[in-house]
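Position 266, counted from 1, in the sequence shown is what the numbering used here calls 266; the numbers after and before it change by one each time, with no gaps. Below: one structure, written as structure tokens.
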Amino acid sequence: MVILSLSLLLVIALIQCTKTLPVDENDGGRLDANDAKRLPDYSLVNQGKEIFRFDAFGDEDYWSGELHIDKAIAGAANGGFGTGVSPNAALAVGLKVDVDALPPEVLAGIQSGTVDLDDPATTITLLKLNSVVGVKGNFNADGGLKSIGITCASCHSTVDNSFAPGIGKRLDGWPNRDLNVGAIISLTDNAQPIANMLHVDEPTLRLVLSLWGPGRFPAILFMDGKAFRPDGKIAANLIPAAFGLKDVHLTTYTGWGDISYWNAFVGNLEMHGKGNFFDPRLNNPEKYPIAVENGFYHVTNHPDLITRKLPALRAYQHSIAAPKPPAGSFDPIAANRGKAIFLTKANCVTCHAAPLFADNKLHTAAEIGIDDFEAKRSPTGKYRTMPLGGLFAKATGGYYHDGRFATLDEVVDHYNKHFSLRLTSAEKQDLVEYLKSL
Numbered sequence: 001m002v003i004l005s006l007s008l009l010l011v012i013a014l015i016q017c018t019k020t021l022p023v024d025e026n027d028g029g030r031l032d033a034n035d036a037k038r039l040p041d042y043s044l045v046n047q048g049k050e051i052f053r054f055d056a057f058g059d060e061d062y063w064s065g066e067l068h069i070d071k072a073i074a075g076a077a078n079g080g081f082g083t084g085v086s087p088n089a090a091l092a093v094g095l096k097v098d099v100d101a102l103p104p105e106v107l108a109g110i111q112s113g114t115v116d117l118d119d120p121a122t123t124i125t126l127l128k129l130n131s132v133v134g135v136k137g138n139f140n141a142d143g144g145l146k147s148i149g150i151t152c153a154s155c156h157s158t159v160d161n162s163f164a165p166g167i168g169k170r171l172d173g174w175p176n177r178d179l180n181v182g183a184i185i186s187l188t189d190n191a192q193p194i195a196n197m198l199h200v201d202e203p204t205l206r207l208v209l210s211l212w213g214p215g216r217f218p219a220i221l222f223m224d225g226k227a228f229r230p231d232g233k234i235a236a237n238l239i240p241a242a243f244g245l246k247d248v249h250l251t252t253y254t255g256w257g258d259i260s261y262w263n264a265f266v267g268n269l270e271m272h273g274k275g276n277f278f279d280p281r282l283n284n285p286e287k288y289p290i291a292v293e294n295g296f297y298h299v300t301n302h303p304d305l306i307t308r309k310l311p312a313l314r315a316y317q318h319s320i321a322a323p324k325p326p327a328g329s330f331d332p333i334a335a336n337r338g339k340a341i342f343l344t345k346a347n348c349v350t351c352h353a354a355p356l357f358a359d360n361k362l363h364t365a366a367e368i369g370i371d372d373f374e375a376k377r378s379p380t381g382k383y384r385t386m387p388l389g390g391l392f393a394k395a396t397g398g399y400y401h402d403g404r405f406a407t408l409d410e411v412v413d414h415y416n417k418h419f420s421l422r423l424t425s426a427e428k429q430d431l432v433e434y435l436k437s438l
């Protein structure tokens, strides 16, 4: 076991868990009143960034108090149980490390091998540095891990792997399609509360958790209890992107509500934070039996640790533009031909009009040529149009809400058949190149 140097521990002690974030500067000269109205409130945006990255909304009581994930991470050698979770084990289930939160001593130690990435004690050190993306550690006076909570960033941020696989600069808003939520929940030594809620035994629950796989989470399972689709496949959807959502009115696959609604839904009902939430649509015992049994349609907590933070969280998420594809990732000449097909022969622009590449409308399953299982789980009964910006950052795991199409070629083939577009092979390939350019 590697012993961290005294100097490294002093560095850790001096680093604050949250940092003051710089406000973006405007270098375009004096602003008039109309210009100022169009600019984002950077103070609110920066508050939202802190919330998105570091605020667990009080969900430590669930993840640590009930599921004991903190003890599973620490391991028996550090006051918990089991073998613990080393950095390498954490990276293997898709957790990420923010390289900018690591002091030079730690970076050098990782490179030289003197920082042991197979030791759970090192994971605790990384949590002290607030460097594990989306996981917030809280510590006792003696430095022992007291509890952990999860934040929005756990699912909706990744890193650029610039230092090492899984270690790099944050990419907020990008879906973490490596994150194996089921494997993380399975670390618990107290799965029975979840099993009881879903009316299954613990072995069945653990089987279901093992089937989710990387980059997927079944948010509505905890409302309607449906773990499997009618075709027998697991009913777990891909973690969605949280970028490019400004002016997008409905921010879920099936249009449950706007971004603040969904942040409240997830913060209260999925992360198990402590806020207030009300949606009478969930008070439907036939459609949402689990939600009704657990009172999820009307949640109250005192104090409310979520609601007042929603405007800032929305401001930050709305400030995250869809990323541009890297140079060399598509053929620009073919993409230009594909754009013409997108606008004319294929007529994709009917639903995917710029600049959003979405229409802010809901569509029946029949309109888009797929089954209605997931749509029917929503109060809307329909699917929303997916914004197409930054498709390359959402490619891992496939396309559509459940990843049913592995490639863009399959997506184009589907619509070519469904709408009888009669695209040639060359036209389909050009259209794919255009989609890759968005």
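Backbone N, C-alpha and C define an ideal beta-carbon position, used for all residues, glycine too.
Tell me the rounded alpha-carbon separation between residue i and residue j.
i: A219; j: N263; result: 12 Å
i: K285; j: K382; result: Sequence inspection shows Pro at residue 285; the Lys mentioned does not correspond to that position. Distance between the alpha carbons of P285 and K382: 20 Å.
i: M223; j: A353; result: 33 Å
i: G232; j: D372; result: 15 Å
i: V181; j: G143; result: 27 Å
i: Q111; j: D160; result: 17 Å
i: D118; j: P87; result: 6 Å
i: G58; j: L305; result: 7 Å
i: S425; j: F330; result: 17 Å
i: K436; j: K339; result: 11 Å
i: A393; j: P175; result: 8 Å
i: R384; j: V248; result: 10 Å
i: L400; j: E410; result: Correcting the residue identity first, residue 400 is Tyr in this sequence and not Leu. Those two C-alpha atoms are separated by around 11 Å.
i: P332; j: K345; result: 19 Å
i: K226; j: A236; result: 10 Å
i: P214; j: L207; result: 15 Å
i: K428; j: G168; result: 35 Å
i: N360; j: T307; result: 25 Å
i: V266; j: S260; result: 10 Å
i: L221; j: P323; result: 31 Å
i: L179; j: N268; result: 20 Å
i: H298; j: F278; result: 4 Å
i: A89; j: L145; result: 18 Å
Can you tell me where the alpha helix (DSSP H) holding residue i begins and where it ends?
i: I341; result: 332-343
i: F52; result: 42-54
i: L179; result: First-last for L179: undefined, no H or E at that position.
i: L408; result: 408-418
i: V99; result: Per DSSP, V99 belongs to no alpha helix (DSSP H) and is neither H nor E.
i: A346; result: Per DSSP, A346 belongs to no alpha helix (DSSP H) and is neither H nor E.
i: E367; result: 365-368
i: R404; result: No alpha helix (DSSP H) holds R404; DSSP gives it neither H nor E.
CB-CB under 7 Å to residue i, same chain, minus the five flanking residues each way: which ones, in chain order?
i: N301; result: K274, G275, N276
i: H414; result: G369, F405
i: F342; result: C348, V349, L431, Y434
i: P193; result: E66
i: S131; result: V97, D98, A101, L102
i: L205; result: A191, I194, A195, L198
i: D55; result: T151, K309
i: Y288; result: M223, D224, L282
i: P325; result: F392, K436, S437
Please look up how many angstroms separate the CB atoms of residue i and residue j, rounded, as I've assumed it's under 8 Å.
i: G48; j: A321; result: The Cβ separation is near 15 Å, so there is no contact.
i: T188; j: L91; result: Not quite, the Cβ-Cβ distance comes to about 20 Å (not below 8 Å), so this is no contact.
i: D70; j: S147; result: 5 Å
i: W212; j: P379; result: The Cβ separation is near 24 Å, so there is no contact.
i: G390; j: G397; result: Rounded, the Cβ-Cβ distance is 15 Å, inconsistent with contact.
i: V45; j: A315; result: 5 Å
i: L209; j: I185; result: 6 Å
i: V317; j: G173; result: The question names Val, but residue 317 is Gln in the sequence shown. Correct: roughly 7 Å between the Cβ atoms.
i: A183; j: V93; result: 5 Å
What residue range is occupied by the uninterrupted beta strand (DSSP E) comprising residue i?
i: K274; result: Unbroken run through K274: none, as it is neither H nor E.
i: G84; result: Per DSSP, G84 belongs to no beta strand (DSSP E) and is neither H nor E.
i: N138; result: 135-139
i: D172; result: 170-172
i: K146; result: 145-150
i: S157; result: 157-159
Looking only at its chain, what residues have a beta carbon closer than 6 Å to the beta carbon of residue i, apart from the 5 residues adjacent to it on each side?
i: V133; result: K96, D98, A153, S157
i: L388; result: H352, F357, L438
i: H272; result: D59, Y62
Report buried or exposed for residue i, applying the criterion of at least 16 other Cβ atoms within 10 angstroms of its Cβ.
i: L238; result: buried
i: L245; result: buried
i: P355; result: exposed
i: S64; result: buried
i: E367; result: exposed
i: R422; result: exposed
i: H418; result: exposed
i: G137; result: buried
i: A141; result: exposed
I'd like the list of long-range same chain contacts for residue i, defined as Cβ closer than 8 Å, with 5 residues on each side in sequence excluded.
i: G75; result: F81, G82, T83, G84, V85, P120
i: A72; result: G80, F81, G82, G84, V85, L187, T188, D189
i: D201; result: A195
Relative to the ligand SAM, is the shortest distance from any of its heavy atoms to the C-beta of residue i smaller than 8 Å?
i: P323; result: Looking for the ligand SAM in the displayed structure turns up nothing, as the structure carries no ligands at all.
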